[in-house]
Amino acid sequence: MLAPSTPAFAQAAPAAVDPAAVVAAPAGSGPRLWVVKDEDSTLYLFGTVHVLKPETPWGSAKLDRAFASADEYWFEIADLNDAAGAVPIIQAKGVSPDRPLSSLLTAEELADLDAAARQVGSTGASLDPLRPWFAALQLAIASITKAGYLPQNGGDQVLHARAAAAGKPIKGFETMAQQIGFIADMSEKAQLAMLRSGLKEFEQAPEFLGRMVGAWSTGDVDSLDALIGQEMKAQSPEMYDVMLTRRNADWTRQILTLLEGSGTAFISVGAGHLAGADSVQTMLAKRGVKVEEVRD
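First residue of the sequence shown: 44, per the numbering used here; consecutive thereafter.
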């Protein structure tokens with residue numbers, strides 16, 4: 044199951060965000076927080092889940108301190124709420140009426156597509172003109188939204204609202220167009236693997252996301268890697284390379300450039316990027332940069 048993998052897809056439309064509405068995690072628990080330092084730079088690394096239920100406990104004093112100390116804030120993309128900017132890109136890369144899903148899927152798969160779509164108020168026919176990646180994401184987002192997981196409660200949305208309220212610079216590692224392009228430009232084979240996996244696991248999507256959120260909110264990085272990274276690699280090695288490995292390598296280069304400057308930055312990206320053998324921390328360590336966990 045592929046939960047919304049980037050903020051570009053998690054946020055279908057701007058929504059009101061209360062930056063103070065975070066339930067505190069139990070003492071000694073909560074998502075992990077890391078820091079990179081040199082003589083004149085401090086960079087905090089924090090992983091988020093892009094959609095959450097409002098009652099999810101993930102706040103902590105160490106997170107608040109680190110966030111407040113920052114001179115600038117970095118997210119996957121700078122403008123998380125640029126839904127209007129995403130529309131023309133999705134129209135160009137998400138629809139393919141000349142190669143509909145009905146020409147790519149078996150009769151059994153088309154029946155599964157229609158059944159899943161009807162559970163979220165749509166039909167297989169309405170999804171037929173969509174490219175496989177976009178149909179898969181439409182179904183995943185609709186399913187988990189119906190279960191109460193909303194983008195306005197997501198960690199990146201809440202922290203972005205806090206950053207905006209602080210009036211400090213907000214920057215992004217990528218653009219909206221890049222984020223959509225990463226997944227939309229995958230091979231048709233990888234896109235179909237994504238859709239087929241989503242159909243197979245459609246009923247379990249909310250439960251799967253619940254386990255992912257549970258691992259994240261308790262700092263269980265190994266389980267996060269198993270649920271996000273290893274699940275993605277098993278589903279499609281190409282998707283894993285495109286969505287995690289390459290992007291992590293690019294962000295690592297940008298973080299190294301940040302270290303050449305000075306000041307304090309708070310970096311917030313999807314939690315899957317900070318778990319596993321190809322995590323940002325691992326890539327930084329391979330470049331000789333020490334990454335330490337921030338303790339309470």
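Just so it is clear, CB atoms sit at the ideal spot from N, CA and C, and this is done for glycine as well.
Unbroken beta strand (DSSP E) run spanning residue i, endpoints
i      : result
Lys80  : 76 to 80
Tyr87  : 84 to 91
Ile310 : 306 to 313
Pro100 : 100 to 102
Ile358 : The structure shown does not extend to residue 358, since the chain is modelled only from 44 to 339, so the question has no answer here.
Contacting residues, own chain, Cβ-Cβ under 8 Å from residue i (five flanking each side not counted)
i      : result
Ala318 : Gly90, Val264, Asp265, Leu267, Asp268, Ile271, Gly272
Leu299 : Leu327, Arg330, Val332
Neighbourhood of residue i by C-beta, 7 Å cutoff - its chain only, sequence neighbours within 5 removed
i      : result
Ser322 : Asn291, His316
Leu235 : Leu147, Pro175
Asp81  : Leu302
Met286 : Ser48, Phe225, Ile226, Met275
Met282 : Met229, Ala233, Met237, Met275
Contacting residues, own chain, Cβ-Cβ under 6 Å from residue i (five flanking each side not counted)
i      : result
Phe41  : In this structure the chain extends from 44 to 339, so residue 41 is not present and cannot be described.
Val312 : Glu119
Ser84  : Leu302, Ser305
Beta-bridge pairing of residue i - partner residues as DSSP gives them
i      : result
Glu336 : Trp77
Ala67  : Gly102
Phe118 : Gly215, Ser311
Leu29  : The displayed coordinates of the chain run from 44 to 339. Any statement about residue 29 would go beyond what the structure contains.
Start and end residues, alpha helix (DSSP H) containing residue i
i      : result
Asp141 : Note, Asp141: premise wrong, no alpha helix (DSSP H); not H, not E.
Lys189 : 175 to 189
>> Restricting to runs no shorter than 4 residues, where is the alpha helix (DSSP H) found entirely within the region 195 to 242?
In response: 198 to 209, 219 to 227
> Can you find at least 3 beta carbon pairs, one from the region 246 to 260 and one from the region 207 to 218, that sit closer than 8 Å?
Replying inline: no
> Is it a yes or a no for the region 148 to 158 touching the region 121 to 129, going by three-plus beta-carbon pairs under 8 Å?
Replying inline: no
> For the region 290 to 307 against the region 100 to 119, are there 3 or more C-beta pairs whose distance is under 8 Å?
Replying inline: yes
> Taking one C-beta from the region 167 to 187 and one from the region 134 to 143 each time, how about it: are there three or more such pairs within less than 8 Å?
Replying inline: yes
> Just checking, does the region 82 to 98 make contact with the region 189 to 207 on the three C-beta pairs under 8 Å criterion?
Replying inline: yes
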